[in-house]
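Going by our numbering, the first residue of the sequence shown is number 15, and it counts up by one from there.
The beta carbon of each residue, even a glycine, is placed where N, CA and C say it ideally should be.
A quick write-up on the structure given underneath.
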Amino acid sequence: MAKKKVGLPPLDWLRVFEAAGRLGGFSAAAREFGLTQAAVSQRIGNLEAWLGRSLFVREARGVSLTVEGESYLPLVQDSLQALERNTEDLFGKSPRELRVAGLSSHIHALVLPVLARFQNLQPKVRVMTDSVARRSSLDEERTWLQIRYGRGAWPGRDAALIAPEVLVPMAAPDIRWGAPLIDLRGERPGWQDWARKTDQAELPPSKVSFDSMEHAISAARQGMGVVLGSVPLATGELQSGQLRRLGLPELHTKDGYWLTWPEERAHSRKQRALIDDFLQVLRG
Numbered sequence: 015m016a017k018k019k020v021g022l023p024p025l026d027w028l029r030v031f032e033a034a035g036r037l038g039g040f041s042a043a044a045r046e047f048g049l050t051q052a053a054v055s056q057r058i059g060n061l062e063a064w065l066g067r068s069l070f071v072r073e074a075r076g077v078s079l080t081v082e083g084e085s086y087l088p089l090v091q092d093s094l095q096a097l098e099r100n101t102e103d104l105f106g107k108s109p110r111e112l113r114v115a116g117l118s119s120h121i122h123a124l125v126l127p128v129l130a131r132f133q134n135l136q137p138k139v140r141v142m143t144d145s146v147a148r149r150s151s152l153d154e155e156r157t158w159l160q161i162r163y164g165r166g167a168w169p170g171r172d173a174a175l176i177a178p179e180v181l182v183p184m185a186a187p188d189i190r191w192g193a194p195l196i197d198l199r200g201e202r203p204g205w206q207d208w209a210r211k212t213d214q215a216e217l218p219p220s221k222v223s224f225d226s227m228e229h230a231i232s233a234a235r236q237g238m239g240v241v242l243g244s245v246p247l248a249t250g251e252l253q254s255g256q257l258r259r260l261g262l263p264e265l266h267t268k269d270g271y272w273l274t275w276p277e278e279r280a281h282s283r284k285q286r287a288l289i290d291d292f293l294q295v296l297r298g
């Protein structure tokens, strides 16, 4: 294919090429832009003629990138992202809304206590929260900024640590060690793990068991026993005196609470500044 043009090809052709390369086909790119497959094919053909190189191999079962196409795709993607980011920084409006999703207990314990501080930093921004019932629901949640519990590794998402998970025996002010234990079922280490790692010989009996840290902390606040409570989630109760640490060893875990967002979001300077301010207050 002979080279016909020099310089920068039309932006429309580059955007269609990027979509076809990213999505793996002309039909998918056509759906993304609301074009016909023939229109996509024509634009890519025009780009190939301009460059004098074939970017796709056309076969009966579909298309695939040539070696030149594979080399060109990341360059086009980086350039388009930089153009979008710089255009937003120069001409875009400052964000007027911050919307965050998470488990109800995480919104209650991590977000609500710091909203006033965030509004002092960003007085023109309206905060919206979306509560989900289960952690697995976050994968289907349309709100892209999320608070998640885990180890910070989610495919396709950036993550910034809010607080590591630290578990410590805690109880209402009039409850002492030796009172019944409050069990918590789930992935967090439990009382047996705590006893083994802190060399505690015997444990008091347990009379209640919950599958939610929020419910276990609430039970401890009501004087039902001693909970191996999450320090980040119980910070409000500990500061107000509704709960107190019992002076027993802490248990540090490999998990934590994270603010996460898709890798392709938060590229503009204004959007990233908003997230940074939110992260700052979440970290306390």
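Checklist entry - Residues bridged to Glu73 by DSSP? => result Stepping through the sequence shown from its first residue, residue 73 is reached at position 59. Paired residues: Gly76.
Next on the checklist: When you compare the stretch 23-42 with the stretch 79-90, are there three or more beta-carbon pairs, one atom per stretch, that lie closer than 8 Å?
Outcome noted: yes
Item to check | Beta-bridge pairing of Pro178 - partner residues as DSSP gives them | outcome: Here residue 178 corresponds to residue number 164 of the sequence shown, with the count starting at 1. Paired residue(s): Gly270.
Item to check | Proximity below 8 Å, CB of Met227 to CB of Ser119 | outcome: Your numbering for residue 227 matches position 213 in the sequence shown. Your numbering for residue 119 matches position 105 in the sequence shown. Yes, these two residues count as a Cβ contact at 8 Å.
Item to check | Cβ pair count under 8 Å reaching 3, the stretch 240-250 against the stretch 195-211 | outcome: yes
Checklist entry - Who pairs with Trp275 in a beta bridge, going by DSSP? => result For the purposes of this step, residue 275 is taken as residue 261 along the sequence shown, with counting starting at 1. Trp275 pairs with Asp172.
Item to check | Sequence-distant residues of its chain with Cβ nearer than 7 Å to Pro127 (five each side left out) | outcome: Counting from 1 along the sequence shown, the entry for residue 127 is found at position 113. Counting only Cβ-Cβ distances below 7 Å, and skipping sequence neighbours, we find Gly250.
Checklist entry - By Cβ distance, which residues of its chain are closer than 6 Å to Leu262, with the 5 residues on each side in sequence left out? => result Translated into positions along the sequence shown, residue 262 becomes position 248. Taken in chain order, the residues that qualify are Pro183.
Item to check | Same chain only: Cβ atoms within 7 Å of Ser55, ignoring 5 sequence neighbours per side | outcome: Within the sequence shown, the letter at position 41 stands for residue 55. For Ser55, where only same-chain residues beyond five positions count, the Cβ hits under 7 Å are Phe40.
Checklist entry - Is the beta carbon of Leu117 less than 8 Å from the beta carbon of Val71? => result On the sequence shown, position 103 is the one that residue 117 refers to. On the sequence shown, position 57 is the one that residue 71 refers to. Cβ distance not < 8 Å, so Leu117 and Val71 don't count as in contact.
Item to check | Status (buried if at least 16 other CB within 10 Å, exposed otherwise) for Arg140 | outcome: The residue given as residue 140 occupies position 126 in the sequence shown. Exposed, since its Cβ has fewer than 16 Cβ neighbours within 10 Å.
Checklist entry - What number of angstroms, rounded off, separates the C-alpha of Asp26 from the C-alpha of Ala42? => result Here residue 26 refers to the residue found at position 12 of the sequence shown. Here residue 42 refers to the residue found at position 28 of the sequence shown. One C-alpha to the other measures close to 16 Å.
Checklist entry - Among all the DSSP beta bridges, which residues are the ones paired with Met184? => result The count along the sequence shown starts at 1 and reaches residue 184 at position 170. Beta-bridge pairing links Met184 to Val241, Arg259.
Next on the checklist: Looking at Ala174: is its Cβ nearer than 8 Å to the Cβ of Leu273?
Outcome noted: On the sequence shown, residue 174 is found 160 positions in, with the first residue counted as 1. On the sequence shown, residue 273 is found 259 positions in, with the first residue counted as 1. Contact: yes.
Next on the checklist: Can you tell me whether Trp191 is buried or exposed? The criterion is at least 16 other CB atoms within 10 Å of its CB, across all chains shown.
Outcome noted: Along the sequence shown, one-based indexing puts residue 191 at 177. Per the 10 Å Cβ criterion, exposed.
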